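Okay, structure first, notes after.
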Amino acid sequence: MEDYLVPRGVGRAEYIEKKSRFLGGVYPVTSEQEAKEILERVRKQHYDARHNCWCYILKSGQKRYSDDAEPQGTAGQPMLNVFEREGVVDVLCVVTRYFGGILLGAGGLCRAYTKAAKDALDAAGISKMQPWLRQQITVPYALFERAKLLIAAQEGTVEDAQYGADILMTYRIPEGADERLRTALREASSGSVVPSLLEEIFCAG
Numbered sequence: 081m082e083d084y085l086v087p088r089g090v091g092r093a094e095y096i097e098k099k100s101r102f103l104g105g106v107y108p109v110t111s112e113q114e115a116k117e118i119l120e121r122v123r124k125q126h127y128d129a130r131h132n133c134w135c136y137i138l139k140s141g142q143k144r145y146s147d148d149a150e151p152q153g154t155a156g157q158p159m160l161n162v163f164e165r166e167g168v169v170d171v172l173c174v175v176t177r178y179f180g181g182i183l184l185g186a187g188g189l190c191r192a193y194t195k196a197a198k199d200a201l202d203a204a205g206i207s208k209m210q211p212w213l214r215q216q217i218t219v220p221y222a223l224f225e226r227a228k229l230l231i232a233a234q235e236g237t238v239e240d241a242q243y244g245a246d247i248l249m250t251y252r253i254p255e256g257a258d259e260r261l262r263t264a265l266r267e268a269s270s271g272s273v274v275p276s277l278l279e280e281i282f283c284a285g
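Below, the structure written as structure tokens:
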């Protein structure tokens, strides 16, 4: 699994060019359905705007954009280019334009939509999603505190502990720490504690 970049949160920005207001919004999304639902909410919120141009890119590979009646190639594609240059995925961007009565021309529109998208992304921030592993181990009570320390030493997080004859621990660790933790647990338990993999996940780094 490889690292990838996503928006840290929702980001908004406003840009004014020759009396036209450009309201940029960046939203983290993980599916086309989620992107469409947010887009519909934005359209309803700004029902009185001249244009609601948008784009989205998903980690799974889908990407779409719309100029929403602006001249072809002046809005959606320039917005999409912002996120492709930054390498950001799982993102929806909507830029709403309230027309100010002055035509901007194709070049002016491209610059305005690009700036609104970039400013909104800057406001949202960018997080790196890194591969982690969710694992389980069964430890005797005498090794419980030691196991917690070993997991923490690898920047891992204990998520759950179930108490029975022994303790069943569920935790997550960075993928790159797997072998180090396995070695440490093996040495601490004389080989009796062996992690089992539950799933591969991504977490913000």
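Under our numbering, the first residue of the sequence shown is numbered 81, with each subsequent residue one higher.
Just so you know, even glycine gets a beta-carbon here, dropped at the ideal spot from N, CA and C.
In this text the structure is predicted, and so the values were computed from the model without any measurement.
request  = Tell me whether Glu150 sits in a helix, a strand or coil according to DSSP, three-state version.
outcome  = Coil, per DSSP.
request  = Name, in chain order, the residues that DSSP records as bridge partners for Gly131.
outcome  = Rather than Gly, the amino acid found at residue 131 in this sequence is His. Among the bridge pairs identified by DSSP, His131 is matched with Arg177.
key: Burial state of Lys198, where buried means 16 or more other Cβ atoms lie within 10 Å   = Classification of Lys198: buried, given that the 10 Å Cβ count is 16 or more.
task = Give every residue of the same chain whose Cβ lies closer than 7 Å to the Cβ of Ile118, excluding the five residues on either side of it in the sequence, and list them in chain order.
result = Within the same chain, Ile118 has close Cβ partners Tyr107, Val109 and Leu172.
ask   = If we ignore side chains and look at the alpha-carbon of each, how far apart do Pro220 and Ser207 end up?
value = Rounded to the nearest angstrom, the two C-alpha atoms are 38 Å apart.
key: Straight-line Cα distance separating Gly156 from Glu82   = One C-alpha to the other measures close to 28 Å.
query = Is DSSP giving Ala245 helix, strand or coil here?
reply = Note: Ala245 maps to coil in three-state DSSP.
ask   = Among the residues of its own chain, which have a CB less than 8 Å from the CB of Ile137, if the five just before and after it don't count?
value = Lys143, Leu160, Phe163, Glu164, Val168, Val169, Asp170 and Val171, listed in sequence order.
ask   = If we ignore side chains and look at the alpha-carbon of each, how far apart do Thr237 and Glu166 end up?
value = The C-alpha of Glu166 is placed about 30 Å away from the C-alpha of Thr237.
message = Counting C-beta neighbours from all protein chains within 10 Å, is the total for Leu103 16 or more, i.e. buried, or is it exposed?
response = Answer is buried; the Cβ neighbour count reaches 16.
ask   = Counting pairs of Cβ atoms below 8 Å between the region 84–100 and the region 178–187, do you hit three or more?
value = For the pair of segments examined, the region 84–100 was found to touch the region 178–187: the number of CB pairs separated by less than 8 Å reaches three.
request  = Look up Ser272 in the DSSP assignment and say whether it is helix, strand or coil.
outcome  = Note: Ser272 maps to coil in three-state DSSP.
message = For Ala149, which residues in the same chain have their Cβ closer than 7 Å to its Cβ, ignoring the five residues on either side in sequence?
response = These residues qualify, in order along the chain: His131.
request  = Compare the Cα-Cα distances from Leu265 to each of Leu201, Thr194, Met249 and Tyr84 and report the closest residue.
outcome  = For the set Leu201, Thr194, Met249 and Tyr84, the Cα lying nearest the Cα of Leu265 is the one of Met249.
key: Cross-strand partners of Lys139 (DSSP beta bridge)   = According to the DSSP secondary-structure assignment, Lys139 is paired through a beta bridge with no residue.
C-alpha gap between Ser272 and Leu223, whole angstroms = Ser272 and Leu223 have their C-alpha atoms some 11 Å from each other.
key: Three-way DSSP call (helix, strand, coil) for Val238 in this model   = In the structure shown, Val238 sits in a strand (DSSP, three-state: E or B).
task = With a threshold of 16 other CB atoms inside 10 Å of the CB of Gln152, please say whether the residue is buried or exposed.
result = Burial is judged here by how many other beta carbons sit within 10 angstroms of a residue's own beta carbon; Gln152 has fewer than 16 and is exposed.
query = Mapping DSSP to helix, strand and coil, what is Ile231?
reply = Three-state result, Ile231: helix.
ask   = Exposed or buried, which one is Tyr251 when buried takes at least 16 other CB atoms within 10 Å?
value = A residue is called buried when at least 16 other Cβ atoms come within 10 angstroms of its Cβ; Tyr251 meets this threshold and is buried.
query = Roughly how many angstroms separate the alpha carbons of Tyr243 and Thr218, rounded to a whole number?
reply = One C-alpha to the other measures close to 10 Å.
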